[in-house]
Amino acid sequence: MTWPTPWSSWRRICRRASPASRSPLPAAFSRTDERRGDAMTIDVVGSDVPTIPPLPPVYSERIADTQERLRAGEFSLEQMPGYIKGQRPTTDVWHHIDHLEIYPKVWGRECGKNGIGKLREVVLTEITDSEKFAFHDLDPAYFPQMADAYSSIDIPKMIDQSLAYEAALEAHGVIVHRVAFPQPPVSAFGPAKSTWAAAELFVLRGGSVLPKRGVQPLAYGRAEYLALWAWTRLGVPVLCAVTGTGIFEIGPCHFLAEDVFVSGNGMAFNDEGLAQMKPVIARSAGLDVEDMTFLHIEFPGNKYYDAPSGVGHHPDLYIAPLDVRKVVTYSPGLDFATLEWLRKRGYTIVEVEHSEQAQYAPANILPLEPGLVVMHAEATQSIASVRAAGVEVIEVPYSEFMKEGGGLHCSTGQIWREKGPYSTDT
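The working numbering puts the first residue of the sequence shown at 2, with every later residue one more than the last.
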């Protein structure tokens with residue numbers, strides 16, 4: 002039978018039943034069928050989900066501030082963009098307001114790692130024993146092989162290095178948050194690997210991006226967890242997700258300027274993923290796609306990372322910004338077109354040492370602002386070359402992270418940078 006609204010809007014189980022056989026489900030309602038006199042039990046599937054979602058502190062503050070202003074009588078329609086007394090809102094105004102203007106008003110904050118401006122806020126993960134993957138020995142060949150033996154990872158030393166990195170960032174005015182994964186961490190397909198890699202929390206202006214992995218199934222769910230944490234703790238919403246058959250591991254990507262974005266094509270990316278992300282990245286920079294430069298490195302080979310050559314399929318291992326039109330590179334990992342683009346536009350190119358690439362990935366740096374970067378302390382020759390190019394370097398020991406597959410850039414979720422220079426600036 003069909004009950005009048007609101008009964009018809011409930012998910013319910015209806016049946017004639019004796020009291021002894023009635024469903025134990027919560028929120029059971031009993032009504033009488035007036036036409037037949039039968040007792041009917043309407044077992045409504047109840048919910049104990051809270052009516053209010055978890056609110057990020059900055060969002061709660063924004064709500065409270067707005068509520069206080071409303072109570073104080075400070076609201077007027079004149080505050081609405083394009084308001085004209087006696088007229089309705091017009092598409093001439095509202096169809097031309099950029100999302101970048103709206104999202105800070107909703108969430109009470111700005112976010113985004115776009116460009117190379119001054120870095121203000123990051124997140125690092127809590128390092129635990131889980132970083133030494135418990136299932137690695139089931140089939141070592143299944144996982145990327147680094148220069149040093151996986152068994153040599155020293156977790157206490159890894160923790161100390163992470164804390165030293167945190168201290169270096171804070172000493173230069175960067176707010177550092179920590180996020181913890183449930184222990185043991187899990188992925189969509191079982192255990193999770195490499196939860197230290199906070200760069201998978203990739204935040205553009207407007208919100209975070211949920212990537213789609215290429216060939217690392219035990220990483221699925223890692224970025225989603227980080228994005229959930231950033232939304233509920235920091236007020237950084239999710240902006241978009243790579244969908245369908247698109248592949249775009251955005252974590253190892255970065256900007257060389259406000260209008261230059263570096264990604265690639267290979268095991269960690271495909272054309273569909275690129276097609277989905279190009280307009281999102283451009284709009285997050287306040288630009289049209291045609292005004293944004295996308296450097297897509299054509300990665301060689303079919304190994305995620307090849308330790309003897311130091312070449313793999315993540316761009317942050319081979320190129321990074323140092324200053325306006327100044328980069329550090331490991332050129333064997335770059336394609337000819339990318340190197341030519343840099344040369345023709347007058348970029349100063351600082352080449353890292355091949356002897357240091359496999360163990361220390363010297364180009365995997367973290368820029369703090371134009372002319373100031375953090376580098377792996379172990380890469381002494383490359384650090385000297387960067388300093389010779391007029392760039393200030395902060396040295397942080399980071400050897401244990403490279404044994405697990407990454408470095409400073411890989412392990413840092415960049416939440417917010419100030420707007421920085423464009424590629425055309427001098």
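No residue lacks a Cβ here, since even glycine has one placed at the ideal position from N, Cα and C.
None of these values were measured; they are calculated from a predicted model.
Q: From the DSSP output, read off the bridge partner residues of Arg418.
A: Leu120
Q) Would you report the Cα separation of Gly74 and Thr67, rounded to the nearest angstrom? A) 11 Å
Q. Considering only residues of the same chain and omitting the five flanking positions on each side of His173, which have a CB-CB separation below 8 Å?
A. Leu369, Leu373 and Ile395
Q) Any idea what DSSP makes of Glu370, helix, strand or coil? A) Shown here, Glu370 sits in a strand according to DSSP, grouped into three states.
Q) If you draw a straight line from the C-alpha of Asn271 to the C-alpha of Pro157, how long is it? A) 38 Å
Q. When we look at the beta-carbon of Lys345 and count the other beta-carbons within 10 Å, is it buried (16 or more) or exposed?
A. Counting every other CB atom within 10 Å of its CB across the protein chains shown gives Lys345 a total below 16, marking it as exposed.
Q | Whether Gly421 touches Gly222 by CB criterion (8 Å) | A | no
**Q.** Nearest residue (CA-CA) to Ala231, options His97, Phe262, His178 and Leu71
**A.** His178
Q) So, Gly215 versus Met159, is the Cβ gap smaller than 8 Å? A) no
Q: Pick out whichever of Phe190, Val239, Gln184 and Ala364 has its Cα sitting closest to the Cα of Ser332.
A: Out of Phe190, Val239, Gln184 and Ala364, Ala364 has the C-alpha closest to the C-alpha of Ser332.
Q | Short Cβ contact (8 Å threshold) for Val261 with Thr294 | A | yes
Q. In whole angstroms, what is the alpha-carbon distance linking Asp324 and Gln80?
A. 40 Å
Q | 8 Å Cβ cutoff met for Ser209 and Ala181 | A | no
Q: From the DSSP output, in three-state form, read off Glu62 for me.
A: helix
Q) Nearest CA to the CA of Pro238: which residue from Asp307, Ser400, Gly109 and Val312? A) Gly109
Q.
Going by the DSSP bridge assignment, what does Val177 pair with across the sheet?
A. Val123
Q.
Classify Leu409: buried if its beta carbon has 16 or more other beta carbons within 10 angstroms, exposed otherwise.
A. buried
Q. Between the Cα of Ser153 and the Cα atoms of Ser400, Gly407 and Thr91, which residue gives the shortest distance?
A. Ser400
**Q.** According to DSSP, residues forming a beta bridge with Ala381
**A.** It should be pointed out that residue 381 corresponds to Thr in this sequence rather than to Ala. Its beta-bridge partners do not exist; DSSP assigns none.
Q: Use the C-beta contact count for Pro316: other C-beta atoms within 10 angstroms, 16 or more gives buried, fewer gives exposed.
A: buried
Q.
Just to confirm, is the Cβ distance from Phe256 to Lys194 under 8 Å?
A. The answer is no: Cβ separation not under 8 Å.
Q. Is there contact between the stretch 304 to 319 and the stretch 141 to 151, where contact requires at least three CB pairs shorter than 8 Å?
A. yes
Q. When DSSP labels each residue in this structure, what does Ile395 get in the three-state scheme?
A. strand
(Q) If you reduce the DSSP assignment to three classes, tell me which class Ala28 lands in. (A) For Ala28, the predicted model reports a pLDDT of 43, less than 50, meaning its position is unreliable and no value from the coordinates is stated.
**Q.** Buried or exposed (CB count within 10 angstroms, at least 16 for buried), Trp197
**A.** buried
Q. Taking Cβ positions, are Ile298 and Gly274 nearer each other than 8 Å?
A. no
Q: Could you tell me the distance, in whole angstroms, from the CA atom of Gly116 to the CA atom of Gln415?
A: 11 Å
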